[in-house]
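The structure appears below as structure tokens.
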Amino acid sequence: MWFRQRKLCQNPGMTAEITFPRQQARTLRFSLGTPHSFAIAPDGSRIAFLRSRSGTDRVNCLWVRDVASGAERVVADPAVLLDGASEDLPPEERARRERVRQGGEGVVAFATDSAVSLAVFTLSGRLFTVGLSEGTVQEITSVTGPVVDPRPDPGGAHIAYVSGGALRVVAADGSGDRALAEPEGPDISYGLAEFVAAEEMARTRGYWWSPDGQSLLIARVDVSAVVIWHVSDPASPERPATSMRYPVAGTANADVTLILAGLDGSRRPVPWDTAAFPYLTSVHWSKQGPALIQIQTRDQRTVQVLTVAAGGGTAVLAEDRDPAWVSLVSGTPAWTATGSLVRVVARDGAYRLMIGDELATPTGPDALQVREVLDTGEDVLFTASAQDPTQIHVYTAGPAGVAQVTTVPGMHSATRSGGVTVVRSGSLEWSGPRVHVLRDGEAAGEIGSHAETPVLTPEVTHLTVGEHALRCALLLPRGYKPGSDPALPVLLDPYGGPAGQRVMSVRNIYLEPQWFADQGFAVVVIDGRGTPGRGPDWDRLVQYNQSTPNLEDQADGLAAVAAAHPCLDTSRVAIRGWSHGGYLAALAVLRRPDVFHAAVAGAPVSDERLYDTHYTERFLGLPDEHPEAYEQDSLIADAPKLRRPLMLIHGLADDNVVVAHTLRLSAALLAAGRPHTVLPLTGITHMAAKHEEVAENLLLFQLDFIRRALGITDPA
16 MWFRQRKLCQ
26 NPGMTAEITF
36 PRQQARTLRF
46 SLGTPHSFAI
56 APDGSRIAFL
66 RSRSGTDRVN
76 CLWVRDVASG
86 AERVVADPAV
96 LLDGASEDLP
106 PEERARRERV
116 RQGGEGVVAF
126 ATDSAVSLAV
136 FTLSGRLFTV
146 GLSEGTVQEI
156 TSVTGPVVDP
166 RPDPGGAHIA
176 YVSGGALRVV
186 AADGSGDRAL
196 AEPEGPDISY
206 GLAEFVAAEE
216 MARTRGYWWS
226 PDGQSLLIAR
236 VDVSAVVIWH
246 VSDPASPERP
256 ATSMRYPVAG
266 TANADVTLIL
276 AGLDGSRRPV
286 PWDTAAFPYL
296 TSVHWSKQGP
306 ALIQIQTRDQ
316 RTVQVLTVAA
326 GGGTAVLAED
336 RDPAWVSLVS
346 GTPAWTATGS
356 LVRVVARDGA
366 YRLMIGDELA
376 TPTGPDALQV
386 REVLDTGEDV
396 LFTASAQDPT
406 QIHVYTAGPA
416 GVAQVTTVPG
426 MHSATRSGGV
436 TVVRSGSLEW
446 SGPRVHVLRD
456 GEAAGEIGSH
466 AETPVLTPEV
476 THLTVGEHAL
486 RCALLLPRGY
496 KPGSDPALPV
506 LLDPYGGPAG
516 QRVMSVRNIY
526 LEPQWFADQG
536 FAVVVIDGRG
546 TPGRGPDWDR
556 LVQYNQSTPN
566 LEDQADGLAA
576 VAAAHPCLDT
586 SRVAIRGWSH
596 GGYLAALAVL
606 RRPDVFHAAV
616 AGAPVSDERL
626 YDTHYTERFL
636 GLPDEHPEAY
646 EQDSLIADAP
656 KLRRPLMLIH
666 GLADDNVVVA
676 HTLRLSAALL
686 AAGRPHTVLP
696 LTGITHMAAK
706 HEEVAENLLL
716 FQLDFIRRAL
726 GITDPA
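Numbering (my numbering), first residue to last: 16 to 731.
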């Protein structure tokens, strides 16, 4: 029998049976126990990193690895530092973790001086320092708490942090705590990233130290013009609603400016045309050149790189324009060791690395789609996809040309300093990430993972189908015999949007799809037009209309996969997804009930007018200028068309895709007399997976709904 639901967990020390849904939930999708967040000493002697003690322990400890010997030791253990007490997070830290999708606990982030000899971090809003050589931890109690995002200056003499909306500085020995910038009103803060910067631009910081440690660039954020939204928990009426400033599409953004503040008390404004360029997308400050800031227009079609002089004045260094939008690439702009500007530009059908005035990566058949810049030294370390977008490799580019660092098929990233490179890799060949240490390009050990081994191993087939060469993945029940066993009902499991890929050469991505397959489904995952990894021309195929190509690609991809694999029963097709995937699932049953017979839509963006400015306006423009685009992509007007079973799931505390998306769609369905199911998740945010019981039962509820909707009474 090929139908499986339970299997004995084969991890050492575990003797009881465990279901995959339970294991995935308690391991935070098998992320617990994996090493991450690496900082390498410039002399190549040690590596600081985070890791919990086991695959079910949510509390991250700070570890140090000696590169020469490979010995590892814990230098900061939250259980000891908090005397076993649970964390009590300030609201700013909760919001920061939500923006970066951080589900772990304990030391979830740390910052070091340039020598990686001093590390600073917070626990429950308290400030701690640790000497990474000797492992001595101290709490600085003289600060004004609660402390958020502490960072030492490059020399390790002072620590800057945010508290109560003020940017403050204290000496590393705890003396001289003072404010460098204090808010002038309740809607102003210094040193924190605003919502769209953290959620959509990957800028989670709001201040930056100078290389000499004598001054800082500090973001001043004024949200007084931003719409106030209220997120409440109706199951706890005794608790007040949380008010937040959410810049919904077409409305005012936060007013973001910069000041240059010195430890001597000086303050200078950093001028640019904020009316024309309201977005501060990134800041880079290193000893190789003056501070760099990157700014962007509201329509996102123009980006400028400015230099910041010692007195705070600015000058335009580079500009990039695009008739659709200029894509932001993490790690840029930056200086190389020789003072050349590094950025990524869309040229010749590819996202190309530019060093100085030269395009450093190839175009044509050998084109690389640059994903992220990781380090800039004598050469540039970066990630990119070649012809296969399901793989991401690490490369270098410099005077000697472009060289590929990683070769094993999969998804790789890296951190580099002092001749030491830490490479984090995922592949179809193994479970979870593996972390290798290279010294001068040669293997120098592996940083072990404490993550659990999943109780199932995906068996995935990758396909490329259709006129758009869609990348697809097919998973069948393990042990299923096509041609002799009965045909399988189909479950599509997409994300399908510009923010993420689902079809990758990484085993752990397919754990959940394989579990659904083992319940008696052929699971198909399709990355349609606009998903990352295939270049600017591909990305722009969803401008002003995401819904049509998104849905066409799911339907066409399904037809092509079914034609190649007749074991798929296309008379019984369900679709499920979360966030954009939830939107796509609801869209499928509303507009193509001839193909899709049931849907589970988790946290769907049912109306783009309710989503944030930077993401939504990039693809659809301003609502007043392109109302037809918003009408085209909205699900609300399609409510009377529903003829198939639809389950809507939403966390009531979601502050990214607010529950109003589901409630308004449900109201429209009710008004049209269309039966549907709504599953509200009390106290749950957009990260439902971080809540163990919720994450486990969500899978089981979805499975039950899909079976009933497709008329599956005997899953075996």
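No residue lacks a Cβ here, since even glycine has one placed at the ideal position from N, Cα and C.
These figures come from a predicted structure and were not determined experimentally.
Since CYS621 and THR692 are thought to touch, with beta carbons under 8 angstroms apart, how far apart are those beta carbons, to the nearest angstrom? Taking the first residue of the sequence shown as 1, we reach residue 621 at position 606. Taking the first residue of the sequence shown as 1, we reach residue 692 at position 677. Here residue 621 is Ser; the residue named in the question, Cys, does not match the sequence. So it is not a contact: roughly 15 angstroms between Cβ atoms.
When we look at the beta-carbon of ARG282 and count the other beta-carbons within 10 Å, is it buried (16 or more) or exposed? Along the sequence shown, one-based indexing puts residue 282 at 267. By the neighbour-count rule (16 or more Cβ atoms within 10 Å), ARG282 is not buried but exposed.
Could you give the distance in angstroms between the alpha-carbon of HIS641 and the alpha-carbon of PHE292? The sequence position of residue 641 within the sequence shown is 626, counting from 1. The sequence position of residue 292 within the sequence shown is 277, counting from 1. The alpha-carbon atoms of HIS641 and PHE292 are separated by roughly 21 angstroms.
For a quick check, are the C-beta atoms of ILE55 and ARG431 less than 8 angstroms apart? Taking the sequence shown and counting its residues from 1, one reaches residue 55 at position 40. Taking the sequence shown and counting its residues from 1, one reaches residue 431 at position 416. Cβ distance < 8 angstroms, so ILE55 and ARG431 count as in contact.
Can you name, in chain order, every residue of its own chain whose Cβ lies under 6 angstroms from the Cβ of VAL518, other than the five neighbours on each side? Indexing the sequence shown from 1 puts residue 518 at position 503. The residues THR405, ARG486, ALA488, VAL540, ASP542, in chain order, have a CB closer than 6 angstroms to that of VAL518 in the same chain once the five nearest residues on each side in sequence are set aside.
Which listed residue (GLU467, ARG522, VAL163) has its alpha carbon closest to that of TRP445: In the sequence shown, counting from the first residue as 1, residue 445 sits at position 430. Out of GLU467, ARG522, VAL163, ARG522 has the C-alpha closest to the C-alpha of TRP445.
Bridge partners - TRP593, DSSP secondary structure assignment: The residue labelled residue 593 in the question sits at position 578 within the sequence shown. Bridge partners of TRP593: GLY617.
Sorted by chain position, which residues of the same chain lie with C-beta nearer than 8 angstroms to ALA601's C-beta, five sequence neighbours on each side aside? Position 586 of the sequence shown, counted from the start, is the residue given in the question as residue 601. Correct list, in chain order: ALA614, ALA616, PRO619, SER621, LEU650, LEU661, LEU663, LEU680.
Length of the line joining the Cα atoms of ARG235 and TYR205: Position 220 of the sequence shown, counting from 1, holds the residue named residue 235. Position 190 of the sequence shown, counting from 1, holds the residue named residue 205. If you take the alpha carbons of ARG235 and TYR205, they lie about 5 angstroms apart.
Reduced DSSP secondary structure (H/G/I, E/B, other) of TRP350: By 1-based counting over the sequence shown, the position of residue 350 is 335. Correct three-state label for TRP350: strand.
Just reading off the beta strand (DSSP E) that ASN712 is part of, what are its end residues? If you number the sequence shown from 1, residue 712 lands on position 697. Here ASN712 belongs to no beta strand (DSSP E); instead the alpha helix (DSSP H) covers 707-725.
Using C-beta distances below 6 angstroms, list every residue in its chain close to CYS24, excluding the 5 sequence neighbours before and after it, in chain order. Locating residue 24 in the sequence shown gives position 9, counting from the first residue. Because CYS24 sits at a pLDDT of 36, beneath the cut-off of 50, its placement in the model cannot be relied upon, and the following sentence gives the value as read from the coordinates. Closer than 6 angstroms at the Cβ level, and outside the excluded window around CYS24, lie ILE33, VAL470.
For LEU275 and ASP554, what's the separation of their Cα atoms in angstroms? Translated into the one-based positions of the sequence shown, residue 275 becomes position 260. Translated into the one-based positions of the sequence shown, residue 554 becomes position 539. Those two C-alpha atoms are separated by around 37 angstroms.
Between which two residues does the beta strand (DSSP E) holding TRP78 run? Here residue 78 refers to the residue found at position 63 of the sequence shown. 74-81 is the extent of the beta strand (DSSP E) around TRP78.
Are ALA349 and THR391 closer than 8 angstroms when you measure CB to CB? By 1-based counting over the sequence shown, the position of residue 349 is 334. By 1-based counting over the sequence shown, the position of residue 391 is 376. Taking 8 angstroms as the Cβ cut-off, ALA349 and THR391 qualify as a contacting pair.
Quick one: Cα of GLU215 to Cα of LEU232, how far? If you number the sequence shown from 1, residue 215 lands on position 200. If you number the sequence shown from 1, residue 232 lands on position 217. C-alpha separation (whole angstroms): 21 angstroms.
The region 237-257 in contact with the region 161-181 per 3-pair CB rule at 8 angstroms: no
Per-residue burial, GLU623 [other beta carbons within 10 Å of its own, 16 or more giving buried]: One-based indexing of the sequence shown puts residue 623 at position 608. It counts as buried.
For ILE203, which three-state DSSP category applies? For the purposes of this step, residue 203 is taken as the residue at position 188 of the sequence shown. ILE203 falls in the strand class under three-state DSSP.
Where THR151 falls, given that 16 or more other Cβ within 10 Å makes a residue buried: Taking the first residue of the sequence shown as 1, we reach residue 151 at position 136. By the neighbour-count rule (16 or more Cβ atoms within 10 Å), THR151 is not buried but exposed.
Count the other C-beta atoms from every protein chain shown that fall within 10 angstroms of the C-beta of ARG19, then say buried if there are 16 or more, exposed otherwise. Taking the sequence shown and counting its residues from 1, one reaches residue 19 at position 4. Note that ARG19 scores 36 on pLDDT, short of 50, meaning its location in the model is unreliable and no value can be drawn from it.
Using 8 angstroms as the threshold, is the C-beta distance between ARG358 and ALA333 below it? Stepping through the sequence shown from its first residue, residue 358 is reached at position 343. Stepping through the sequence shown from its first residue, residue 333 is reached at position 318. Between ARG358 and ALA333, the gap from beta carbon to beta carbon is short of 8 angstroms.
Where does ASP622 fall in DSSP's three states? Stepping through the sequence shown from its first residue, residue 622 is reached at position 607. Coil.
Which residues in the same chain have their Cβ closer than 7 angstroms to the Cβ of VAL331, if we skip the five residues on either side of it in sequence? Against the sequence shown, residue 331 aligns to sequence position 316. The answer, listed in chain order, is GLN319, LEU321.
Given a threshold of 16 other Cβ atoms within 10 Å of its Cβ, counted over all protein chains shown, does ARG193 qualify as buried or as exposed? Taking the sequence shown and counting its residues from 1, one reaches residue 193 at position 178. Its Cβ having fewer than 16 others within 10 Å, ARG193 is exposed.
Shortest alpha-carbon distance to ALA459 belongs to which of GLU467, HIS465, VAL437, GLY441? For this step, residue 459 is matched to residue 444 along the sequence shown. Answer by Cα proximity: VAL437.
GLN804 classed as buried or exposed, judged by whether at least 16 other C-beta atoms fall within 10 angstroms: Here the chain covers residues 16 to 731 and nothing more, so residue 804 does not appear.
If PRO564 and ALA264 are in contact, beta carbons under 8 angstroms, what's the gap, nearest whole angstrom? In the sequence shown, the residue the question calls residue 564 occupies position 549. In the sequence shown, the residue the question calls residue 264 occupies position 249. Not confirmed; about 20 angstroms, so no contact.
From THR127 to LEU133, what does the alpha carbon distance come to, in whole angstroms? Locating residue 127 in the sequence shown gives position 112, counting from the first residue. Locating residue 133 in the sequence shown gives position 118, counting from the first residue. Computed Cα separation, rounded: 5 angstroms.
For ALA375, which three-state DSSP category applies? Locating residue 375 in the sequence shown gives position 360, counting from the first residue. Judged by DSSP in its simplified three-state form, ALA375 adopts coil rather than helix or strand.
Please name the residue in PHE125, SER139, SER84, ARG607 whose C-alpha comes closest to that of GLY99. Translated into the one-based positions of the sequence shown, residue 99 becomes position 84. It is SER139 whose Cα lies nearest to the Cα of GLY99.
Nearest to ARG336 by alpha carbon, out of ARG362, SER562, GLY416, THR289? Looking up residue 336 in the sequence shown gives position 321. It is ARG362 whose Cα lies nearest to the Cα of ARG336.
Going by DSSP in three states, PHE536 sits in which element: helix, strand or coil? As a first step, residue 536 must be located in the sequence shown, where it is residue number 521. Three-state DSSP puts PHE536 in coil, outside helix and strand.
Whose CA, out of HIS706, ALA256, SER258, TYR294, lies closest to the CA of ASP270? Reading the sequence shown from its first residue, position 255 is the one you call residue 270. Among HIS706, ALA256, SER258, TYR294, the Cα nearest to that of ASP270 is on TYR294.
Count the other C-beta atoms from every protein chain shown that fall within 10 angstroms of the C-beta of GLU632, then say buried if there are 16 or more, exposed otherwise. Counted from its first residue, the sequence shown places residue 632 at position 617. Under this definition GLU632 is a buried residue.
Assign VAL115 to one of two classes, buried (16 or more other C-beta atoms within 10 Å of its C-beta) or exposed (fewer than that). Numbered from its first residue, the sequence shown carries residue 115 at position 100. Exposed, by the Cβ-count rule.
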